[in-house]
Each structure stands twice: as structure tokens, then as C-alpha cells.
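Novice:
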């Protein structure tokens, strides 16, 4: 029989399918919309800036203390300082400024660390060298071993505007030809970071002049949201190999004679050039939460635009700045009133600052309550204009400000500029430091950067997780804390110990937290040391000794000169002690949870409490049917602690009853089967063997003990070239011990009253085989 579908049925089916398709499209649209606006987490920051700033913490101290990082022209760059300076702004080839914000040791570089030859390193622009080093530091500050990023889809987005290093060479030194092209290419600045760290995401170099690094952050955020990369380094660098920026802007009379930016101030008289490098490590917020990475702050939104045809190629465009601010707020899905403070571009020029301030007043200040004004400041007042690094340097300042709850003051403000109509909106200049305003919501800030060619960028930030360094020290008083150090050379190891010694001396520094990061978030390099101490003072004593290459209690050094896999070794009975595991049970959640699981697995086979035995020593570890299950539980739980810290064995090995724990960690035995084996086996030993034997450790070669075997004594274990264990009847062992002691041989009785690893154990073979018949690997 043939059936046909009525037209009405076909219509219903078509409508049903269309509805299903629409629902799928709606879900996909929602997913794409959410992905396009997902906040981006800042999980790592690193920088080197004027004023001796070598880290974000150094930068915070500089701005919080209101210090000035500007200083004289450097004397180590081959500049003719005598001929360069002239107070006449019209004299060709000279600068009427003699100060700026410079990086000390800008040319220093640990080439061997990155596997770069001395010749190639010399040919490399210092900007490439700095990006390499500071990107490495950003990863480590995020708690990530940079080596672990190899082969990942991590991107690199770098702002670079100077390309004058090679042109400063009057003649090419011998051996540098062939390296100069790559060493001075803007594209290679990002590509070299990717190459050195083995990163396979996008590598993009951006040159929009002074907005370069902020544009790099915007592009990195887009790439993360678009799935082009899972992590992204974003930052910028500026090193002036030649004094031409000072000469050029002297002709334009655009520089402050004293080299200092007086941002938004009546005294503003020009910008002050500076150098720096600043890098962020970014990740999608959902990924950061899933992976447990610390979130220093969140990029809620960003925008980039162009001035277009304005009053002049280099003249700022107020309406364009307003547009980029509004677009960034829209991207962040926030209102102007949601932002507490702005780190302005604030270069200190008489033209640019008023235009920027009026744009901020029109966007953030209009309609805003005067009781909660927008607070405005500029890092450039402290360190000068770091140009293609300035945007990310400003982000680092504001992230630190949000984490510390303090808005630092802007230096060199005699009074707010009278070229700005401050009454047009609720925007106030941070002429003095003040606590971050309490608004009932998360702290939020924005950062602006405007390029000389008209490319504008604006980034909206939101506070992240609480600053762990502001919390109580995670290392308990009296607890031994290991600090693991590693470096590529012995000298670098000593230098690192010196820096950590200084860190440990700072009030409020988290000793326990630092130990955790050093153990889990640093690359394992060839030269290594561990400093173990039970207090801050002893830790500093050990670090000081290590920095001087001197021996000290609790300091162990060595070299990791053999590549190999990680192996967990599980010992047999005899190494335990009363109270073993008690402190970890009280302090480690992982250890405690694992011990509770083992206790549950042991419960069907024992009539005592594992947790009481570990905590209180009841029942006594003198009983073999107690000590072996307790040792098993502690070994398994210790292995879980190591695994939780990222230490995963490629192999396991066990000795004697340690084989049971090893088999479980290897996956050969379930926890329930392993618990049954250790409990039932130890009970069989207690019933059938205890009280009928003993064991003795001897410091002699196996050949030397062979002639004394027999007569109730057997070889139980060969532990090394001069370490053996014999076992057997108690009376025969007493005679053997007396003989060896008379000969001056080291002898140690193993604290057991039975003879393991000998023919004695055959007495329980049948019983044990019956008890464990149901155990299956």
C-alpha cells in the first residue's frame, strides 16, 4: 500500500524544522556574541622603566611615593653630550633639553640564556632583547613556566616605533653582517619572542607611535576572543639609540626644558621623552578561572580609531578622542559613570593636554555627580613619555592602583591648566594621592593613548582578584618553607638569591606564597638551589649565604646536568616516625582529602582509625598491622600532593611494602584493592611472623657478608655497594651484630620483629593467597 503526506503535514514538518533551525541559530548567535565581548584577564605583568623600575612592584613604589624617575642623558651610548645640548631651540643638530627618562643598562642582555650567540646579540636592537627578557618575566610572574608554552597557540603583540639602532653604527663591526637585518626588523621584534619561546599564535608588531602598546592590547584581546590564540603577550618597547627625538622636537619647541611632563597643569611646557618596556600576559577570563590563574585585572573593553582629516597630521582631534572613549565603553558594556579614574595620555603639551581634558569632560564628566568625579592622572609625570611602551606602562600603574586601593598623585602640578574648562563636567586632577573611592561596585579605570599620526586607543579595566600580597602570610610561623631557585649560570643563581633576600626582607612579603610560586611557576634551569628555613630571618640568612656562594644550614645546591624523567620512589618499612604526616594533615587540603579517601578504603579491613593513628599516634606504630597501612596512606597522599603541584611521574618504583603504594599510583591497583592488600598482608604478618625474627642493616659489601650467612641468617636486601640488610632468627642476629660491632662496622637494627624477604614469609603464603584471591590488577 502506498501512503502520501498531506500538504498540511508537510507544512507542519517544515515549520517544526524551521523552528529548530532558528533555535540553533539563536544559540550560536548568543555564543558568538558572548565570545565577542568576553572580558580578558591580565594574568601576568612585567616592565622596566625609568627610575630604576625593574618590576610592577618597583613601579608601584615609585608612584606611591611620588618619586621622579627623570635624569641626565646617558653617557654609555656614544652620544656627543657636549655638542648635543644647546639652550638655543633653533640651533640645528642640538637639543635644548639635557634630561629624560632613560633605562639604565638598556644594552645589557643575557644572550646565552636565550641561546643567542654574542655576535648576533650585538647586532640585535636592544628593543628586541628587552622584549625577550620581559616577556619571559611576564610568564613567570603569571606563575607559568615559560618552557610550558612551547608549541601552544600563544600570540605576541608588540608595539615598536624606533628602528634606529643599526643606523647609529658608524661602521659595521666585523662579524655582524648577516645579523643586522633580522636584528633590526620591526616584525622580528615580535617574531623573535615567538621563536625563542616556541609560540605558535599570531606574532604582530604594531607601530602607531605613542599608542602602539595600547593598540597591541586591543589587537591581542580581539585575537583571544576570536580563538586565534589561547594566551597573548601584549606590550611595547622604546629605546632611543640615537638622540634624534630630542633634536627633532627641539626644532618644534615641543619639549619641556627640564625634561618633565607636567600633565594637565598650568605649568605644562612640553613633553619629556623617556624609554621603557612593558608587557602583559592576557587570557580569556573563562580560561583563567578554569585553569586557576590569578587574575590581576580584567580588560572589560577597548577601542581604536583614527583622527582622519583633522587640523593637522600631528594635531590631536578632540571629537575623535570622544568617539574612541564611547566605543570602548560600549565594547565594555559600561556607562561613563561606572569608571572611577582615567590614566590619561597627558604628555604635558600646551596643545594636547587641553584637548584631551575637554574630551574626558565631554564623555566621562558630563552629567556626572560632583561627589563622585572622574579622577585623572598621568604616569608620564613620574617617568616621562615612554612612547610606544606608554600605554601598557599606564595599564600596569592602574592595575597596581586598583589592587592597592590608592590613586597616586600626578607630579609637577602647580594648579590645573586654565586652558581647560574644568567646570564643564565632574573631572578632577589628581594633584594629591587619595584612597580609591568606594562606589559599592568593583573598581574600574580606563587608559588612553594617542599616536602622533592620529591613531587613538582607549582600554577599560576592572579590578581582578584580591592582591595575595595584601593578605596574611600564607607561610605559618615556625613552618619550614622551601624556596627553590634555578638559573642558567652560577652567577645568575647568586644574583637571584640576592634579589630574593631583599624581597624576603620587605614587610608583608608572603614567604609561603613565594615558595609556592618558585616551586610551581618557574622554569627549571641548569643551576639549582633550595633554601629551607622555618622563619623569615633564617630564610634570609640562607639566601644571603647563597648569594655569596657560601655554605649554610638549610641550603642545598647542585646542577641539573642530566636530562631525565620524574620517578616516584616508595620506600619500605623502617623509615617512619611518630607524628609522620600530622602537620601535612593539618595544613594541606590535598593531603587531608587523600588521607580521608584511604581511610575509607581501609575501613572494611581494620578496627582502628587511620586519622587517629596519624594525628594522635593511637594505636601505636609499633604494631606491624598499623605501621604498614599508615605508611601506605602517607605515601599515597604525599604522591597526590606532588601531583597537585604539577609533578607527574613517568615511572614509579617501590621497595618492599612500598610496592603496594607504587602499584596504586601507577594505576595497576585500585585504591580499594591496594588498601585490602596492605591491611590484610600486615595482619597476616602480625599473626604468623611477628615475634619470630628480626632484620639488621650493615654497612658492608654483599661479598663480605656472604660467608656469614646461614645458621638462621639470610640475605634480605642489597641496597647499595656497601649497604645490605640481613634477616633471620633473633639469636643468630644478636651474634652477628656483636661480631660486626667488635670489628667497628656500622650496624643498625631495623625496628621490626619479623624477617621479611626471607624464607620465613613462606609460612603465611597460603593464608595470604586466600585473603587476596579477589584482588585483580
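Numbering (full-length UniProt numbering), first residue to last: 1 to 777.
Even glycine gets a Cβ: it sits at the ideal position worked out from N, Cα and C.
Owing to the predicted nature of the structure, the values given are computational and were not obtained by experimental measurement.
(1) With DSSP run on the structure shown, which of helix, strand or coil describes residue 385?
(2) Less than 8 angstroms between the CB atoms is what I'm expecting for residue 599 and residue 610, so what's the real figure, rounded?
(3) Which value, in whole angstroms, describes the spacing of the CA atoms of residue 577 and residue 491?
(4) Out of curiosity, what's the CA-to-CA distance linking residue 744 and residue 697?
(5) For residue 311, count the other beta carbons within 10 Å of its own beta carbon; 16 or more makes it buried, fewer makes it exposed. Which is it?
(6) Use the C-beta contact count for residue 648: other C-beta atoms within 10 angstroms, 16 or more gives buried, fewer gives exposed.
(7) Within a Cβ cutoff of 8 angstroms, which residues of the same chain sit near residue 149, ignoring the five residues on either side of it in sequence?
(8) Would you kindly work out how many angstroms separate the C-alpha atoms of residue 119 and residue 109, rounded to a whole number?
(9) Less than 9 angstroms separating the beta-carbons of residue 628 and residue 657?
(10) Using 9 angstroms as the threshold, is the C-beta distance between residue 727 and residue 672 below it?
(11) If you pair each beta-carbon of the stretch 125 to 143 with each one of the stretch 169 to 179, do three or more pairs fall below 8 angstroms?
(12) Around the C-beta of residue 88, are 16 or more other C-beta atoms found within 10 angstroms, so that it is buried, or is it exposed?
(13) Counting only beta-carbon separations shorter than 9 angstroms, does residue 384 have a partner in chain C?
(14) How about residue 487 and residue 543: are their beta carbons less than 9 angstroms apart?
(15) How should residue 475 be labelled, buried or exposed, when 16 other C-beta atoms within 10 angstroms of its C-beta is the threshold for buried?
(16) Go ahead and pull the three-state DSSP assignment for residue 685.
(17) Taking C-alpha atoms, which residue in 184, 35, 241, 313 lies nearest to residue 105?
(18) My output table needs one value for residue 12: the three-state DSSP class, helix, strand or coil.
(19) I'd like the list of long-range same chain contacts for residue 677, defined as Cβ closer than 8 angstroms, with 5 residues on each side in sequence excluded.
(20) Using DSSP with H/G/I as helix, E/B as strand and the rest coil, what is residue 734?
(21) Measure the beta-carbon distance from residue 318 to residue 359 and round it to whole angstroms, keeping in mind my assumption that it falls under 8 angstroms.
(22) May I have the straight-line CA-CA distance separating residue 250 from residue 84, to the nearest angstrom?
(23) Does the Cβ-Cβ distance between residue 461 and residue 446 come in under 9 angstroms?
(24) By the three-class DSSP mapping on this structure, what secondary structure does residue 476 have?
(25) Return helix, strand or coil for residue 47, following the three-state DSSP convention.
(26) Just the C-alpha distance for residue 622 and residue 666, rounded to the nearest angstrom, thanks.
(27) Where does residue 569 fall in DSSP's three states?
(28) With DSSP as the reference, label residue 147 as helix, strand or coil.
(29) Tell me, to the nearest whole angstrom, how far the beta carbon of residue 286 is from that of residue 221; I am working on the premise that it is less than 8 angstroms.
(30) Distance, Cα to Cα, residue 253 vs residue 272?
(31) I'd like to know whether the C-beta atoms of residue 295 and residue 233 end up nearer to each other than 9 angstroms.
(32) What is the C-beta distance between residue 527 and residue 493, in whole angstroms, given that I count them as a contact (C-beta under 8 angstroms)?
(33) What are the boundary residues of the alpha helix (DSSP H) that residue 56 is part of?
(34) Do the CB positions of residue 217 and residue 456 come within less than 9 angstroms of each other?
(35) Under DSSP, the alpha helix (DSSP H) around residue 587 begins and ends at which residues?
(36) Can you look up residue 777 in the DSSP assignment and give me helix, strand or coil?
Specialist: According to the structure shown:
(1) strand
(2) 4 angstroms
(3) 39 angstroms
(4) 14 angstroms
(5) By the neighbour-count rule (16 or more Cβ atoms within 10 Å), residue 311 is not buried but exposed.
(6) exposed
(7) 139, 197, 198, 199, 231
(8) 12 angstroms
(9) yes
(10) no
(11) no
(12) exposed
(13) Absent here is chain C; the protein component of the structure consists of one chain.
(14) no
(15) Its pLDDT being 45, under 50, residue 475 is placed unreliably in this model, and the value from its coordinates should be taken loosely. By the neighbour-count definition (other C-beta atoms within 10 Å, threshold 16), residue 475 is a buried residue.
(16) Residue 685: helix per DSSP, three-state reduction.
(17) 241
(18) helix
(19) 660, 669, 772, 775
(20) helix
(21) 5 angstroms
(22) If you take the alpha carbons of residue 250 and residue 84, they lie about 11 angstroms apart.
(23) yes
(24) Summary for residue 476: the model assigns pLDDT 49, below 50, so the residue's position carries little reliability, and this model does not support an answer.
(25) strand
(26) 29 angstroms
(27) strand
(28) It is helical.
(29) 14 angstroms between Cβ atoms; not a contact.
(30) 12 angstroms
(31) no
(32) In this structure, residue 527 and residue 493 form a Cβ contact; the two beta carbons are roughly 5 angstroms apart against a cut-off of 8 angstroms.
(33) 56 to 64
(34) no
(35) 582 to 587
(36) coil
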